[in-house]
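Numbering (the UniProt record's numbering), first residue to last: 1 to 530. We put the CB at the ideal spot given by N, CA and C, even for glycine. Keep in mind that this is a model prediction, so the values were computed, not measured.
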């Protein structure tokens, strides 16, 4: 028997088995699984009336809210495609993504509407915009609640769907500077959910606080596997340590996913407000983005008394493929050695074949010394890049997705990130294209050459630094160039440090050698990236 693996089945199961249970704890009210399903059905009916059919793209620009959660199921049960948008971009970024994806309907949180308004007249495919939190319709923007209330809660007629149909389209920064649309099918998201719920020990006793943005690779797929298990999900609109601890206590939260920079903020808050940071229940904290030092892991487990779980992945793999959870055969190790292991990318998930290979495609020695590129073959790997077959063929070769991340492998098969082949900077869990930042700096009349690299940062893990050669006869200060870059891109992408030099190291062909630039900052850390 072959039954298609379709994401709406997760909510169907939760309604059937946990219909009266508190499912979604939002800003204004709590919904049971049956109540949230009613709203999901209203959304689907509304989208049908708006002309949305199977395969059509529907975009969401929203923080973690119950309305965004409704989108995942209201869109997907129509066979339409969910396009979550990073809330930290600039209007021109949204213009590119919405037009490139061919989005027909856009949902926006009222607080984020100013990010869309400057480009409204340039959107070529968007036919309707609905705003969460808007009481009354305003010009081309319609009130979400007012609109939603006009539809009934009866189940919708779902189209014939195949598990290989596109489910989510996720735009991620690339080395070219222009974001690429990662296509993930129902099958890849479904298989990812089944794998992750096992490794993270997800159950119906869990209470998840959505700290990780749901726009970030579908919140690592969390709306799928926590729903499938009937867990209670608490939504956090703004990430602030005091509010996180408050919600953890009020809702007896048992698990959170987040970037290292957020967890670092919680540790700092705990230092200042020890009593407010105390929790009684057992907690699991799932971290990805940049590998933390062992001392960071120790602080989490000994100071906060929370279980630290490091995972590794990328948007193209839905996203998670490895974990550093201590295995049964490692339980006899000293505690400090366990902390060291937990700080690594770790070992492969069930269903993911992960290798580290040299330039000849041969696996590197498991000696913790030889560096190679991480490649992965899995049911969770993307179907390709939207309307970009050339980049798809570059990324997926010989049946494996080539991550561009460089790593070592120790004698027990644990992977440790060493460097990045692609010059992508991960700051606070967000991807930044160094080429995009360089392009902005090159627009300044005083800049002759610029190279942007990642340098260590206590809070963000790493931050973009620009090494700049000025044109002869021109002057520019650090503040001037930073301000200039911030005027041309999302602020988190702009360099935070500018270093001026007379010349940049280059190869014989004239290519800037960033590896030499990074050594000054990373060499004493035993690796060339965070």
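Alpha-carbon spacing of residue i relative to residue j, whole angstroms
i           : j           : result
residue 344 : residue 445 : 43 Å
residue 174 : residue 25  : Residue placement at residue 174 is flagged as unreliable, the pLDDT there being 49, under the threshold of 50; a coordinate-derived value is accordingly withheld.
residue 183 : residue 101 : 11 Å
residue 508 : residue 86  : Residue confidence is low: residue 508 scores 44 on pLDDT, short of 50, so the model does not pin down where it sits. Its coordinate-derived value is still stated next. So the two alpha carbons sit approximately 39 Å from each other.
residue 32  : residue 151 : 19 Å
residue 138 : residue 452 : 42 Å
residue 232 : residue 226 : 8 Å
residue 256 : residue 208 : 6 Å
residue 449 : residue 497 : 16 Å
residue 473 : residue 262 : 43 Å
residue 250 : residue 370 : 48 Å
residue 300 : residue 64  : 24 Å
residue 237 : residue 289 : 20 Å
residue 38  : residue 108 : 21 Å
residue 134 : residue 90  : 22 Å
residue 388 : residue 317 : 17 Å
residue 176 : residue 435 : Only weak support is given to the placement of residue 176: the predicted model assigns it a pLDDT of 48, under 50, and the value that follows is read from those uncertain coordinates. Spanning the two alpha carbons is a distance of roughly 7 Å.
residue 15  : residue 22  : 11 Å
residue 287 : residue 143 : 36 Å
residue 480 : residue 447 : 12 Å
residue 381 : residue 400 : 9 Å
residue 159 : residue 44  : 12 Å
residue 368 : residue 415 : 9 Å
residue 29  : residue 110 : 18 Å
residue 518 : residue 490 : 24 Å
residue 169 : residue 93  : 15 Å
residue 172 : residue 124 : 21 Å
residue 362 : residue 106 : 46 Å
residue 62  : residue 118 : 17 Å
residue 20  : residue 13  : 13 Å
residue 482 : residue 495 : 6 Å
Helix, strand or coil at residue i [DSSP, three-state]
i           : result
residue 489 : coil
residue 3   : coil
residue 44  : helix
residue 203 : coil
residue 513 : coil
residue 232 : strand
residue 68  : helix
residue 219 : helix
residue 34  : helix
residue 191 : helix
residue 241 : helix
residue 84  : strand
residue 432 : strand
residue 248 : helix
residue 384 : strand
residue 50  : coil
residue 136 : coil
residue 253 : coil
residue 76  : helix
residue 304 : helix
residue 397 : strand
8 Å contact criterion, which residue i and residue j should meet: CB distance rounded
i           : j           : result
residue 464 : residue 512 : 15 Å between Cβ atoms; not a contact.
residue 267 : residue 298 : Going by Cβ atoms, the distance from residue 267 to residue 298 rounds to 11 Å, so no, they are not a contact pair.
residue 194 : residue 309 : Not confirmed; about 18 Å, so no contact.
residue 167 : residue 320 : About 17 Å separates the two Cβ atoms, so there is no contact after all.
residue 407 : residue 372 : 7 Å
residue 104 : residue 83  : 10 Å between Cβ atoms; not a contact.
residue 72  : residue 223 : 5 Å
residue 41  : residue 156 : 6 Å
residue 357 : residue 409 : The pair is not a contact, with the Cβ atoms about 10 Å apart (cut-off 8 Å).
Residue-chain proximity (residue i, chain D), Cβ-Cβ < 9 Å
i           : result
residue 188 : Considering every chain present, this structure includes no chain D. It has just one protein chain.
One or two residues paired with residue i in a DSSP bridge
i           : result
residue 309 : 286
residue 357 : 363, 373
residue 424 : 433
residue 60  : 84, 107
residue 579 : Given that the chain is displayed from residue 1 to residue 530, the structure contains no residue 579 and the question cannot be resolved.
residue 322 : 312, 348
residue 131 : 108, 143
residue 258 : 287
residue 210 : 235
message: Give the list of continuous beta strand (DSSP E) stretches no shorter than 3 residues that lie fully inside the stretch 98–127.
response: Complete beta strand (DSSP E) runs here, min 3: 105–109.
field: Segments of 3+ residues assigned as beta strand (DSSP E) that fall wholly inside the UniProt domain "AMP-binding enzyme C-terminal" (436–511)
entry: Whole beta strand (DSSP E) segments, 3+ residues: 447–457, 461–470, 497–500.
task: Quick one: which unbroken beta strand (DSSP E) runs of 3-plus residues sit fully inside the stretch 143–190? Chain order, please.
output: Entirely contained in the stretch 143–190, the beta strand (DSSP E) runs reaching 3 residues are, in chain order, 166–172, 180–185.
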